[in-house]
Amino acid sequence: MALEVGIVGLPNVGKSTIFNALTAAGALAANYPFATIEPNVGVVSVPDARLAVLNQYQPTEKIIPAQLRIVDIAGIVRGASTGEGLGNKFLSHIREVDAILSVVRCFENADITHVEGSIDPIRDIDTIDTELMLADLETVSSSIDKAQRTAKSGDKDAIARLEILGKAKVALEAGRPVRSVDFTPDEKKNLKSLGLITAKKVLYVANVQEDDIHGEGKLVQVVRDRAKAEGGAIVPVCGKLESELAELGEADRNEMLESLGLKEPALAALATEAYRMLGLQSYFTTGPKEIRAWTVPVGATAPQAAGVIHTDFERGFIRAEIYTLADLKQYKNESAIKAAGKMRAEGKSYIMQDGDITHFLFNV
Numbered sequence: 012m013a014l015e016v017g018i019v020g021l022p023n024v025g026k027s028t029i030f031n032a033l034t035a036a037g038a039l040a041a042n043y044p045f046a047t048i049e050p051n052v053g054v055v056s057v058p059d060a061r062l063a064v065l066n067q068y069q070p071t072e073k074i075i076p077a078q079l080r081i082v083d084i085a086g087i088v089r090g091a092s093t094g095e096g097l098g099n100k101f102l103s104h105i106r107e108v109d110a111i112l113s114v115v116r117c118f119e120n121a122d123i124t125h126v127e128g129s130i131d132p133i134r135d136i137d138t139i140d141t142e143l144m145l146a147d148l149e150t151v152s153s154s155i156d157k158a159q160r161t162a163k164s165g166d167k168d169a170i171a172r173l174e175i176l177g178k179a180k181v182a183l184e185a186g187r188p189v190r191s192v193d194f195t196p197d198e199k200k201n202l203k204s205l206g207l208i209t210a211k212k213v214l215y216v217a218n219v220q221e222d223d224i225h226g227e228g229k230l231v232q233v234v235r236d237r238a239k240a241e242g243g244a245i246v247p248v249c250g251k252l253e254s255e256l257a258e259l260g261e262a263d264r265n266e267m268l269e270s271l272g273l274k275e276p277a278l279a280a281l282a283t284e285a286y287r288m289l290g291l292q293s294y295f296t297t298g299p300k301e302i303r304a305w306t307v308p309v310g311a312t313a314p315q316a317a318g319v320i321h322t323d324f325e326r327g328f329i330r331a332e333i334y335t336l337a338d339l340k341q342y343k344n345e346s347a348i349k350a351a352g353k354m355r356a357e358g359k360s361y362i363m364q365d366g367d368i369t370h371f372l373f374n375v
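Residues 12 to 375 (our numbering) make up the sequence shown, in order.
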């Protein structure tokens, strides 16, 4: 699954610094507005300690973790929805991603100019939200006109779409993002096709200084309160520190983390949280060629999970043979797991569980 999250933020909040550290993409962007015209795209591995455990029992040539695509979107400025700055160019990029990482500056630094002239993370969040809501309101208003014309003929899809658009418009006109609306499960499915930016889930990334790597300062706390009120999440990240860590070899990186009292880079927590926010989980395949984590939505069936590997696997699905990491730790290998009767045969209706170790049998 090629899932994408888009990094957004005002200019000079450290957005591109964090993107580069996340993706180890090389040189940092210049420190001025609109540096990022076309979005940079990078791939980030989702850390998973279970892969190393699997490797203890199954020697392999390579280990492939689950991955997220990260899109670095142009800095948003006040008036962007009406064409200020890069205007509508960035909007199409945001519409295409599955979720948003909203980078907020939570540090003072006289050498890095803030586009608004002062540091106020809630004002910055409101600026971005306002621009995205105004853009959505324009989309919704034009879509309502089209849906109304089609609905007159009794078209059921148009009538259902009109209901969703009406709810979205009420929220947007009240200054609330579309994600705050309580849609039915069917409405949520239809909502995706409308391409509304504020319907997407948001993970706040508080860019902090090295003296507040755990995000305990006042500026981070106000963002944490905002995220909690929205039912969202926040990850504190020191962009400067993460950039340094990204350039180190594994041994030096681990030594630096230990000296800072950290178990892992903050970017690992960010990738994991983004994965969780998107409602994703992993199952594993193992063998001498590769051990791999495959990404599926929570609630996916065994045939749907098989289809992530190849569409033929889903089309010709017969059954899945599944065991757990706990089984592997206890019995040490697949032969012993089978002998103990712990290898389960699951059919088409089986709902995949996070961490299932799986072989698919199929016929096409």
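Virtual Cβ for every residue (Gly too), placed ideally from N, Cα, C.
Using the three-state DSSP reduction, which class does residue 192 fall into: helix, strand or coil? Of the three classes helix, strand and coil, the one that applies to residue 192 here is coil, per DSSP.
Residue 306 - DSSP class collapsed to helix/strand/coil: Correct three-state label for residue 306: strand.
So what's residue 199 in DSSP terms, helix, strand or just coil? Looking at residue 199 - three-state DSSP - the assignment turns out to be helix.
Cβ shell of residue 285 (< 7 Å), same chain only, five flanking positions each side left out: Only 16, 79, 110, 112 and 214 meet the Cβ criterion.
Would the region 219 to 228 and the region 152 to 163 be scored as touching if the rule is three or more Cβ pairs under 8 Å? No: the two stretches stay apart, fewer than three of their Cβ pairs being nearer than 8 Å.
Is it the case that the Cβ atoms of residue 151 and residue 121 are separated by a distance below 8 Å? No, the Cβ-Cβ distance between residue 151 and residue 121 is not below 8 Å.
Residue 190 to residue 209 span [Cα, whole Å]: Distance between the alpha carbons of residue 190 and residue 209: 6 Å.
Rounded to whole angstroms, what's the CA-CA distance from residue 244 to residue 329? Just pull it up for me. Inter-residue distance for residue 244 and residue 329 is about 40 Å (C-alpha atoms, whole angstroms).
Excluding the 5 residues flanking residue 376 on each side, which residues of the same chain have their C-beta closer than 6 Å to its C-beta? The first residue shown for the chain is 12 and the last is 375, placing residue 376 beyond what the model contains.
Outcome for residue 28 when other beta-carbon atoms lying within 10 angstroms are tallied against a minimum of 16: In summary, residue 28 is buried, with 16 or more beta-carbon neighbours lying within 10 Å of its beta-carbon over all protein chains present.
At the level of alpha carbons, what is the spacing between residue 115 and residue 361? Taking the straight line joining both Cα atoms gives about 41 Å.
Three-state secondary structure assigned by DSSP to residue 355: In the structure shown, residue 355 sits in a strand (DSSP, three-state: E or B).
Less than 8 Å between the beta carbons of residue 106 and residue 177, yes or no? No, the pair does not count as a contact, with Cβ atoms beyond the cut-off.
Simplified DSSP assignment, three categories, for residue 53: Three-state result, residue 53: strand.
Straight-line Cα distance separating residue 145 from residue 370: Each residue's Cα considered, the two are about 48 Å apart.
With distances taken Cα to Cα, identify the nearest neighbour of residue 237 among 252, 216, 173 and 249. Ranking 252, 216, 173 and 249 by Cα distance to residue 237 puts 216 first.
Sort out for me which residues DSSP pairs residue 18 with in a bridge. As a beta-bridge residue in DSSP terms, residue 18 pairs with 83 and 112.
Secondary structure at residue 180, three-state DSSP: helix, strand or coil? Judged by DSSP in its simplified three-state form, residue 180 adopts helix.
What number of angstroms, rounded off, separates the C-alpha of residue 7 from the C-alpha of residue 327? The shown model of the chain, from 12 to 375, leaves out residue 7, and the question about it has no answer.
Three or more C-beta pairs under 8 Å: does that hold for the region 272 to 285 against the region 297 to 314? In short, these stretches do not touch, since the Cβ pair count stays below three.
Does the Cβ-Cβ distance between residue 230 and residue 139 come in under 8 Å? Cβ atoms of residue 230 and residue 139: not closer than 8 Å.
Closest by CA to residue 308, which one among 274, 356, 366 and 338? When the alpha-carbon of residue 308 is set against those of 274, 356, 366 and 338, the nearest one is in 366.
Would a C-beta distance cut-off of 8 Å place residue 368 and residue 333 closer than the cut-off? At a Cβ-Cβ threshold of 8 Å, residue 368 and residue 333 count as neighbours.
Secondary structure at residue 148, three-state DSSP: helix, strand or coil? Note: residue 148 maps to helix in three-state DSSP.
Can you give me the C-alpha to C-alpha distance between residue 71 and residue 345, rounded to a whole angstrom? Between the C-alpha atoms of residue 71 and residue 345 there is a straight-line separation of about 15 Å.
Delimiting residues of the alpha helix (DSSP H) encompassing residue 264: Unbroken alpha helix (DSSP H) run through residue 264: 261 to 271.
Between which two residues does the alpha helix (DSSP H) holding residue 325 run? In the DSSP assignment, residue 325 falls within the unbroken alpha helix (DSSP H) covering 322 to 326.
Is the beta carbon of residue 173 sitting closer than 8 Å to the one on residue 185? Cβ atoms of residue 173 and residue 185: not closer than 8 Å.
Going straight from the alpha carbon of residue 124 to that of residue 337, what length do you get? The C-alpha of residue 337 is placed about 52 Å away from the C-alpha of residue 124.
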